[in-house]
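K.L.:
Residue numbers (our numbering), protein chains in the order written: chain G, 3 to 88; chain X, 5 to 981. What follows is a single structure, and I will ask about it in a moment.
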Amino acid sequence: MLLIPCPWCGACNENEFICGGESDRKRPTDPAAVDDKTWTDYLYNSTNHKGMTGEWWWHVHGCGKWFTIRRDTVTHCIESAPGDQT
Amino acid sequence: MRRLASGGDIDRNRPLTFRFDGRRYQGYAGDTLASALLAAGVDVIGRSFKYHRPRGILSAGVEETNAIVQVTAPFEEPNVRATMLPLVDGLDARSVNCWPGRRFDVGALNGLLAPLIPAGFYYKTFLWRRWDFYARYIRRMAGLGKTPAVAEPGRYERVHHHVDVLIIGAGAAGLAAALAAARSGARTMLLDDGVAPGGQLLSGGAQIDGAGAANWIGAVTAELDGLDNATRLARTVATGVYDHNLVIAVEEAPEQSWVRERLWHIRAARVVLASGAVERPLVFPDNDRPGVMLAGAATAYVKRFAVAPGWRAVYFTNNASAYAGAAALHDAGIEVAAVIDSRADPGAEIELACSRGIEVRTAHAVVGVDGRSRVRRAMVAPLRGGRPAPVDADLLGVSGGFNPLVHLYSHTGARPVYDDRLAAFVPGDMPPTLDVAGAARGIFDTAGVIKDGFRAGADAVHSLGLERPEIDAPPVDDGPSFAIEPLWTVKGGRGKAFVDYQNDVTLDDIALAHRENFRSIEHIKRYTTAGMATDQGKTGNPNVIGAVAELAGATAGETGTTTFRPPYRPVSFGVIGGMERGQLIIPARTTPITAWNKAHGAAMNEAGANFRRPFYYPRPGESMADAVRREALAVRNGVGIYDGTPLGKFELHGRDVPVLLELVYTNRWHDLAVGRGRYGLMLREDGRLLDDGVTFRLDDDRYLMSCGTGAAFTVLTHLERALQTEWRHLKVFVINVSAQWANLCVCGPRAREVLAAVGTDIDLSPTFRFMDFRRGRVAGVEARVARVSYTGELSFEVNVRRRHAREVWEALMAAGAAWDITPIGSETSGVLRIEKGFVAPGIEGDNITNADDAGMSWIVDMSKKDFIGRRSLERDRKLGGERQHVVGLLPDDPAFVVAEGSALLQSGDHADTPNFQGHVTASCFSPTLDRPIALALLKNGHHRHGERVVVSGLQRTVGAEVTRPVFYDPTGARMRA
Ligand SMILES: [Zn+2]
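Given below as structure tokens:
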């Protein structure tokens, strides 16, 4: 079980959180203006990058905040991503 | 009797009585079941898994593969290793895999059929018919113990713990590491699976600081026990190391506690693995006969338990360690007939034998064993060939080298590497926060082990920013140093040579796998099942690897090792479940009306989100169908009431709520007036149904959203995610008020009269329109009343604070008595929904259904620039194709309700023709229409109204007509009344 560093609560067990997937993919600002491939890439195609990956996490059983971290998908080394939070 | 006259760590003043296979025996406090059975002269402890061969005791510790028993008292427990079970008075245990008995067993005939049960036997033999045909016969013959038939009476608990340094194993290395860590002030925890700390020191001959090892163990534990920052647990096994150093450990029978086992979740900044090493046997014909025992185990039984595991021993070894064992047994008065050493030139250790007059035969091997249920003779031959000569013996001590217990190291994903010098797999690269010390790291001399323990403890605290403690390693006087020349297999002889005792895997099986071209050690493991038993190959794995390497002409290092995965040893379901049993598995959520419902005979049913709701309210003598019919007709013709409290309810505050609603709903929201509500449909970003519900505008900046019970959490996630990730500039707070407000829904043509009768200052005249929201008092209590309808009838939803709900409910029941107000359950509301054809996203939505498929295009405003799901819906429309649409069905048989989930087939097809057209999503008998009706997802259904389909269920196959998905009041005039 990972220890997820919530910027508000500190490191907590992974089962207090819900993972929201990769944070580096952004929703197109005008979905109507992008072609189908761009849209389906955004919707379905995770990069599944091996190494440091940005991720959304929701501290649902804690402070209720969404935030991003950077996690090495091989070693599970986690870096907070300061500046990404509101 | 094999109990020695003196010695051992047992308490001879505390005799204990126990039973094995129904017979009474006696042991002493300090015994394990294994040592007590050995002392009582019980040779055969059980039968093996596949061939039902008699098996004895192989080891004295965690690695035991043979002496697996079923304990029946004081607790029923299968799969217990006799070597790890402390003897208690009244203990009752039974052998496993024996039928009818341990001494004569029918399954042993499998031994004669052995040529027919090779590796891959299951895969090859049982393919031509169904597996379940064979399973019941095979399961009777196989397995290690029985699942207890009665509910587990023992109690279990779970604790969470946080430490700086966790040391696993309290042998020489672990004690030293714990001392170093604890002296630095770090929060330190030391786990050990044994009753007493010390590990191999307990049976070894090392002198520490000029005295027996017991003195040093005592001094270290006394110091640890005196430190506030150190915790020590006995009989506690770390079963797995997980991400970020979460270690799961099981503490058995904790002292001063009513729990049977305790599950520890230990989060450790640093882990020091000091799990030691276990001896492995040698692979030679009939190496599984009772009386064949690991050399070190024989010493342990003599020294720790004062038991002679035999009276005339022969040792068979490929390394230096067995000589100390031979000497120890000799010194305890046990005759040692010979040491058979496969090496041509043993080192200084040979003096231990020669000085005691013990014969040593170098470059020899044991090539066979005489005796079925106990070793009688070892057959000894020169390694380079020659006639075997018998040596009389009732104990054959074997040592094939030592396996560092790297299991928990491997759990981190790290790979052990082969060490030629030790003929063993040792840790390779160290993970950043886990270290391995002592024998587990491949250090086998006591002085080196203690030094390495101090190093690992000091390294751990240093990496945490603490001062390295000053510790001088004590002087150690140990035996001869370790040396080994691997001997993986002994060829020749007729008997089976086992590489995995517990799964009955032999050299022949490995050879067969090789002949069938299996090459990867991971494939061979799975094909032969070697290393896959409950002991996880602790003793046998290197022998499997060695045997494979010999066949492939490779080295053991090139062959590589398999992957160790948690758990390190079997874990009981009881301790995994902990307190979460029975009603505590999922704590049930209740509403203020739950108690009233139960008191009024409601049949309760699961209702999502851990709620149980009334299913229907049967009156005496009524069937479910009767009750549902009565309740449904009451709503259609008179008045009903239901407890809608489980619905999800969210208050949305902030100036940007309309912007949020425009995003999450498919229709327009900017123009919603205060005091008005609107029905909305939520889509996922992929255009598929998420949920629906009604949202009211309470004030300028304040809205109340409701959603389905089961979908409440999904909707909350959806809203919070939108607000906190993509649309962070929106000023909206979402407040979950689901538990704060109770929701009592009065529905039916007489609803207005009931509300008036209960007393309210709210104007109920038709100026209170459908989808209006008003505040006021109902039955003397502050209330929010809304006109929404999930039944298709005139309805008033009375929302009151939770604490008032019961009194208002009872007031409504009393006031409604004049109109025979009828409480209705979830089955009835389901029937009313189907009659109205209200699509339920959680039922008609199957994660593919989009707004159009659901027939809800009317509520999708594509002129909006953006909303969640819009882009994907646009794409669905462009792609077109044959999609499944929601339709109604009128089954032909007026008395048969088609089963939900039934397949829809094209009319004229037979039920077994694979021409799947869709399925029934909801089905019921409609009391209003007096006939069965159903909703379904049907290919291209919007364009097939009036066509016929076949409804194929498990029970029956009937014809049906496809209709619009609305059976009652299609214009909605009644709910707007
Ligand atoms: Zn938090």
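Glycine included, every Cβ here is placed at the ideal spot set by N, Cα and C. Just so it is clear, the structure is predicted and the values come from calculations on it, not from any experiment.
Give me the Cα-Cα distance between R7(X) and P19(X), rounded to the nearest whole angstrom.
P.N.:
Within the second sequence, residue 7(X) is the residue found at index 3, counting from 1. Within the second sequence, residue 19(X) is the residue found at index 15, counting from 1. So the two alpha carbons sit approximately 13 Å from each other.
K.L.:
Where are the beta strand (DSSP E) runs, 3 residues long or more, that stay fully inside the stretch 761-817 of chain X, in chain order?
P.N.:
Fully enclosed beta strand (DSSP E) runs of 3 or longer: 777-782, 785-790 and 799-805.
K.L.:
From M628(X), L277(X) and Q260(X), pick the residue whose C-alpha is nearest to that of A180(X); which is it?
P.N.:
By one-based count along the second sequence, residue 180(X) stands at place 176. Out of M628(X), L277(X) and Q260(X), L277(X) has the C-alpha closest to the C-alpha of A180(X).
K.L.:
Verify whether the separation of the beta carbon atoms of R806(X) and W600(X) is less than 8 Å.
P.N.:
Taking the second sequence and counting its residues from 1, one reaches residue 806(X) at position 802. Taking the second sequence and counting its residues from 1, one reaches residue 600(X) at position 596. No.
K.L.:
In or out: E283(X) buried (at least 16 other Cβ within 10 Å) or exposed?
P.N.:
One-based indexing of the second sequence puts residue 283(X) at position 279. By the 10 Å Cβ count, E283(X) comes out buried.
K.L.:
On the three-state DSSP scale, how would you describe G149(X)?
P.N.:
Position 145 of the second sequence holds residue 149(X). Three-state result, G149(X): coil.
K.L.:
My understanding is that V311(X) touches A43(X), with C-beta atoms under 8 Å, so please give their C-beta distance in whole angstroms.
P.N.:
Walking along the second sequence from the start, residue 311(X) turns up at place 307. Walking along the second sequence from the start, residue 43(X) turns up at place 39. Between A43(X) and V311(X) the Cβ distance is about 4 Å, and since that is below 8 Å, they are a contact.
K.L.:
List the whole-angstrom C-beta distance separating L759(X) from F800(X), where the pair is believed to meet the contact cut-off of C-beta under 8 Å.
P.N.:
Position 755 of the second sequence, counted from the first residue, corresponds to residue 759(X). Position 796 of the second sequence, counted from the first residue, corresponds to residue 800(X). L759(X) to F800(X), Cβ: 5 Å. Contact.
K.L.:
Can the beta-carbon of V440(X) be found less than 8 Å from the beta-carbon of F429(X)?
P.N.:
Translated into positions along the second sequence, residue 440(X) becomes position 436. Translated into positions along the second sequence, residue 429(X) becomes position 425. Not a contact, by the Cβ cut-off of 8 Å.
K.L.:
Hey, is M3(G)'s beta-carbon within less than 8 Å of any beta-carbon in chain X?
P.N.:
As a first step, residue 3(G) is located in the first sequence; it is residue number 1 there, counting from the start. Closer than 8 Å: yes.
K.L.:
Roughly how many angstroms lie between the CA atoms of C14(G) and C65(G), to the nearest whole one?
P.N.:
Within the first sequence, residue 14(G) is the residue found at index 12, counting from 1. Within the first sequence, residue 65(G) is the residue found at index 63, counting from 1. Using only the alpha carbons, I get a separation of about 11 Å.
K.L.:
When you compare each of N47(G), N17(G), S82(G) and E24(G) to E730(X) by their alpha carbons, which one comes out closest?
P.N.:
Numbered from 1 along the second sequence, position 726 holds the residue referred to as residue 730(X). Considering only alpha carbons, the answer is E24(G).
K.L.:
Give me the DSSP bridge partner(s) of E81(G).
P.N.:
As a first step, residue 81(G) must be located in the first sequence, where it is residue number 79. For E81(G), which the question treats as bridged, DSSP gives the partners R72(G).
K.L.:
Is G922(X) closer than 8 Å to L894(X) when the C-beta atoms are compared?
P.N.:
Position 890 of the second sequence holds residue 894(X). Position 918 of the second sequence holds residue 922(X). No, the pair does not count as a contact, with Cβ atoms beyond the cut-off.
K.L.:
Kindly indicate which three-state DSSP category K735(X) falls into: helix, strand or coil?
P.N.:
For the purposes of this step, residue 735(X) is taken as the residue at position 731 of the second sequence. Coil at K735(X), not helix or strand.
K.L.:
List, in order along the chain, the chain X residues whose C-beta lies closer than 8 Å to that of K67(G)?
P.N.:
Position 65 of the first sequence, counting from 1, holds the residue named residue 67(G). Chain X residues near K67(G): Q728.
K.L.:
Under 8 Å Cβ-Cβ, which residues of chain G neighbour D705(X)?
P.N.:
For the purposes of this step, residue 705(X) is taken as the residue at position 701 of the second sequence. By Cβ distance, chain G contributes nothing, its closest Cβ being about 20 Å from D705(X), past 8 Å.
K.L.:
Looking at the structure shown, is T88(G) part of a helix, part of a strand, or coil, going by DSSP?
P.N.:
For the purposes of this step, residue 88(G) is identified with residue 86 of the first sequence, where counting begins at 1. Because T88(G) carries a pLDDT of 43, less than 50, the predicted location of this residue cannot be relied on, and the following value inherits that uncertainty. Coil.
K.L.:
If you reduce the DSSP assignment to three classes, tell me which class Q540(X) lands in.
P.N.:
Within the second sequence, the letter at position 536 stands for residue 540(X). Correct three-state label for Q540(X): coil.
K.L.:
Measure the alpha-carbon distance for E489(X) versus L516(X) and round it to whole angstroms.
P.N.:
Mapped onto the second sequence, residue 489(X) falls at position 485. Mapped onto the second sequence, residue 516(X) falls at position 512. Taking the straight line joining both Cα atoms gives about 26 Å.
K.L.:
Could you pull the DSSP bridge partners for G920(X) from this structure?
P.N.:
The residue labelled residue 920(X) in the question sits at position 916 within the second sequence. The residue asked about is misnamed: residue 920(X) is Phe in this sequence, not Gly. Per DSSP, L909(X).
K.L.:
Classify A560(X): buried if its beta carbon has 16 or more other beta carbons within 10 angstroms, exposed otherwise.
P.N.:
Looking up residue 560(X) in the second sequence gives position 556. Buried.
K.L.:
Check each residue's C-beta against every heavy atom of ligand 1 and list, in chain order, those closer than 5 Å.
P.N.:
Cβ atoms closer than 5 Å to ligand 1 belong to C8(G), W10(G), C11(G), H61(G), G64(G) and C65(G).
K.L.:
Using only alpha-carbon positions, find the residue among P152(X), L206(X), I252(X) and V812(X) that is nearest to A64(X).
P.N.:
If you number the second sequence from 1, residue 64(X) lands on position 60. Taking only the C-alpha atoms, the option nearest A64(X) is L206(X).
K.L.:
Under 8 Å between beta-carbons, which chain X residues line up against G22(G)? List them in chain order, please.
P.N.:
Position 20 of the first sequence, counted from the first residue, corresponds to residue 22(G). Chain X residues near G22(G): R725 and T729.
K.L.:
If you measure beta-carbon to beta-carbon, which residues of the stretch 23-39 of chain G are closer than 7 Å to chain X?
P.N.:
Per Cβ criterion, the list reads R29, P33, A34 and D38.
K.L.:
Go ahead and label D621(X) buried or exposed: buried means 16 or more other beta carbons lie within 10 angstroms of its beta carbon, across all protein chains shown.
P.N.:
As a working note, residue 621(X) is residue 617 in the second sequence. For clarity, residue 621(X) is Tyr in the given sequence; the question names Asp instead. With 16 or more other Cβ atoms within 10 Å, it is buried.
K.L.:
Assign K39(G) to buried or exposed, taking buried as 16 or more other Cβ atoms, counted over all protein chains shown, within 10 Å of its Cβ.
P.N.:
Residue numbering aside, residue 39(G) sits at position 37 when the first sequence is read from its first letter. So K39(G) counts as exposed.
K.L.:
Can you tell me the Cα-Cα spacing of A40(X) and A272(X), whole angstroms?
P.N.:
Taking the first residue of the second sequence as position 1, residue 40(X) is located at position 36. Taking the first residue of the second sequence as position 1, residue 272(X) is located at position 268. So the alpha carbons of these two residues sit roughly 38 Å apart.
K.L.:
Which term fits L883(X), buried or exposed, when burial requires 16 or more other beta carbons within 10 angstroms of its beta carbon?
P.N.:
Taking the second sequence and counting its residues from 1, the one referred to as residue 883(X) is at position 879. Under this definition L883(X) is an exposed residue.
K.L.:
If you drop the 5 nearest sequence neighbours on each side, which residues of the same chain put their C-beta closer than 7 Å to that of K150(X)?
P.N.:
Taking the first residue of the second sequence as 1, we reach residue 150(X) at position 146. Only Q74 and P82 meet the Cβ criterion.
K.L.:
At what residues does the alpha helix (DSSP H) containing I172(X) begin and finish?
P.N.:
Here the question's residue 172(X) lines up with position 168 in the second sequence. No alpha helix (DSSP H) holds I172(X); the beta strand (DSSP E) holding it covers Y160 to I172.
K.L.:
Given a limit of 7 Å on CB to CB distance, which residues of the stretch 680-704 of chain X reach chain G?
P.N.:
For the stretch 680-704 of chain X, which is checked against every Cβ of chain G, the residues closer than 7 Å are E689 and D690.
K.L.:
Consult DSSP for Q728(X) and reduce its assignment to one of helix, strand or coil.
P.N.:
Within the second sequence, the letter at position 724 stands for residue 728(X). Three-state DSSP puts Q728(X) in a helix.
K.L.:
By Cβ distance, which residues of its chain are closer than 7 Å to E610(X), with the 5 residues on each side in sequence left out?
P.N.:
The residue given as residue 610(X) occupies position 606 in the second sequence. Excluding positions up to five away in sequence, the list reads R616.
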